[in-house]
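Residue numbers (this note's numbering): 53 to 429.
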Amino acid sequence: MLDDALTEVRELLLAPGLTRAVAAGRRRGFTPSVTRAEVRPVTLKGGPRLQIVTDDGSRPFTRNVAPGAEASAAIDELLAEPFGNWHVSTDTVTLQLRVTKKGEAQVHRAAAAPTPAPATDGHDRQKQWLLDPGDPLFEVIGGNAAKRRQIDAFLRALAATLPSELPSPLRVVDLGCGNAYLTFAAYRYLAGRGVSVQVVGVDVREDQRVRNTAVAERLGCADDVTFVAGTIEEVSLPFEPDLVLALHACDTATDQALARAVEWRAQWTLAAPCCHHDIAAQLKGRPAPAPFGELTRHAIMRERFADVLTDSLRAALLRLNGYKVEVVEFIDSAHTPRNLLLRARRTSTPPTEAQQAEYESLTSEWGVTPALEKMLR
53 MLDDALTEVR ELLLAPGLTR AVAAGRRRGF TPSVTRAEVR PVTLKGGPRL
103 QIVTDDGSRP FTRNVAPGAE ASAAIDELLA EPFGNWHVST DTVTLQLRVT
153 KKGEAQVHRA AAAPTPAPAT DGHDRQKQWL LDPGDPLFEV IGGNAAKRRQ
203 IDAFLRALAA TLPSELPSPL RVVDLGCGNA YLTFAAYRYL AGRGVSVQVV
253 GVDVREDQRV RNTAVAERLG CADDVTFVAG TIEEVSLPFE PDLVLALHAC
303 DTATDQALAR AVEWRAQWTL AAPCCHHDIA AQLKGRPAPA PFGELTRHAI
353 MRERFADVLT DSLRAALLRL NGYKVEVVEF IDSAHTPRNL LLRARRTSTP
403 PTEAQQAEYE SLTSEWGVTP ALEKMLR
């Protein structure tokens with residue numbers, strides 16, 4: 053029962069050993085007075101305090117309450133807010149509470165993950181992760197440092213793409229989701245921003261669908277995060293997505309994802325391309341235009357140039373179809389050489405004649421026809 057689960061949360065918040073707690077999201081049919089709340093113990097000159105930081109969507113508000121009656125009253129106020137999720141970390145346990153559409157509580161408990169002791173020097177700031185390293189997601193997928201860095205880099209790119217005000221529900225599709233750890237990371241982060249989130253992950257492999265569905269059930273989000281087995285070009289979704297993700301879809305699978313995003317008129321698209329064979333094969337079959345022969349004379353140079361040309365043409369085609377596009381670094385190249393990210397936001401601005409002419413000149417000069425162009429026809 054929800055009341056029993058909230059009583060457990062209250063005991064953890066007021067007991068010694070609390071590390072950090074976050075409340076976010078909203079229950080079905082209700083809207084909290086604040087979008088997010090964070091609780092953690094602090095030590096001030098006047099002694100130990102419970103610090104409560106709430107955010108109303110425009111700015112955070114911080115207050116430090118004394119242990120005892122003041123802290124109890126403040127915590128009771130927070131627990132009365134209709135938040136959809138509570139994440140509580142103590143020195144012994146991590147508890148994740150999610151309120152279902154029926155108003156019941158799904159509770160996940162795990163032993164606390166070892167974390168570094170908090171810095172005592174006020175000038176020594178620890179890295180601020182967009183997804184708490186103690187989140188139950190990392191227990192399920194494995195929380196090594198490299199994976200945490202990749203997830204954090206992805207979420208920062210996602211945060212930079214989306215506006216401060218999001219539609220609710222926010223509908224998301226991850227095309228070519230694979231083992232879906234970035235799919236789940238996106239859901240956990242977006243749900244923490246106080247909106248209802250519906251996610252569908254698509255992968256051609258049935259075994260991945262089964263595995264990912266089991267992970268969703270374990271994390272208590274199977275109502276909101278579902279998976280289907282199928283191809284990108286043929287998949288049928290229960291909604292038209294607002295946000296399309298395609299992270300490391302191989303070769304022309306990235307083009308298929310971008311074409312579907314344009315077809316769905318998605319508001320935002322993030323694509324991290326993987327291998328680029330299509331344009332490379334076309335370049336191999338014909339001489340380069342003068343005076344650029346040296347760019348494609350050697351196989352390794354031709355391959356690298358094909359990567360740049362492919363993603364440049366993808367960005368240009370998205371621009372011609374009403375998107376504002378940025379090409380940025382996804383994550384440091386020490387982690388993966390495939391580290392570009394195409395970030396696109398739909399503006400519905402028609403292309404200019406100069407943009408159309410520039411694209412046509414580039415493709416005709418090099419004698420290539422991008423796969424995305426064929427798909428968009």
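All C-beta atoms in this analysis are idealised placements derived from N, C-alpha and C, irrespective of residue type, glycine included. Owing to the predicted nature of the structure, the values given are computational and were not obtained by experimental measurement.
Where residue i sits in the DSSP three-state scheme
{"i": "residue 148", "result": "strand"}
{"i": "residue 376", "result": "strand"}
{"i": "residue 107", "result": "strand"}
{"i": "residue 92", "result": "strand"}
{"i": "residue 185", "result": "coil"}
{"i": "residue 319", "result": "coil"}
{"i": "residue 292", "result": "coil"}
{"i": "residue 285", "result": "coil"}
{"i": "residue 49", "result": "Summary: the structure shown does not reach residue 49, with the chain confined to residues 53 through 429, and so no result is reported for it."}
{"i": "residue 133", "result": "coil"}
Close beta carbons around residue i, own chain, < 6 Å, minus the five adjacent residues each side
{"i": "residue 26", "result": "Outside the displayed range of the chain (53 to 429) lies residue 26, so it cannot be described from this structure."}
{"i": "residue 105", "result": "90, 112 and 114"}
{"i": "residue 72", "result": "92 and 141"}
{"i": "residue 147", "result": "140 and 161"}
Own chain partners of residue i with C-beta closer than 8 Å, once the 5 adjacent residues on each side are dropped
{"i": "residue 156", "result": "53 and 54"}
{"i": "residue 345", "result": "339"}
{"i": "residue 415", "result": "365, 421, 422 and 425"}
Bridge partner(s) assigned by DSSP for residue i
{"i": "residue 141", "result": "72 and 146"}
{"i": "residue 114", "result": "105"}
{"i": "residue 334", "result": "DSSP, once it has assigned bridges, lists no residue as partnering residue 334."}
{"i": "residue 408", "result": "Paired residues: none, contrary to the question."}
{"i": "residue 99", "result": "96"}
{"i": "residue 158", "result": "150"}
{"i": "residue 381", "result": "392"}
{"i": "residue 397", "result": "320 and 376"}
{"i": "residue 279", "result": "253"}
Spatial neighbours of residue i in its chain, beta-carbon cut-off 7 Å, leaving aside the 5 residues before and after
{"i": "residue 182", "result": "204, 207, 208, 211 and 241"}
{"i": "residue 117", "result": "101, 102, 104, 123 and 126"}
{"i": "residue 281", "result": "255, 256, 257, 258 and 261"}
{"i": "residue 218", "result": "245 and 247"}
Problem set entry | contact_flag[the segment 267–275, the segment 307–320] where n(CB pairs < 8 Å) is 3 or more | no
Exercise. Are there three or more Cβ pairs, one per stretch, closer than 8 Å when the segment 293–300 is compared with the segment 233–253?
Worked result: yes
Problem set entry | At least 3 beta-carbon pairs within less than 8 Å: the segment 241–257 vs the segment 92–103 | no
For this session: Jot down the residue ranges of each uninterrupted alpha helix (DSSP H) in the segment 193–277, minimum 4 residues, whole runs only, in chain order.
Result: 197–213, 233–243 and 258–271
For this session: Take every Cβ of the segment 241–248, pair it with every Cβ of the segment 216–230, and state whether three or more of those distances are shorter than 8 Å.
Result: yes
Exercise. On the three-pair Cβ rule with 8 Å, is the segment 201–212 touching the segment 373–384?
Worked result: yes
Problem set entry | Contained alpha helix (DSSP H) runs [length at least 4] in the segment 343–371, N- to C-terminal order | 345–349
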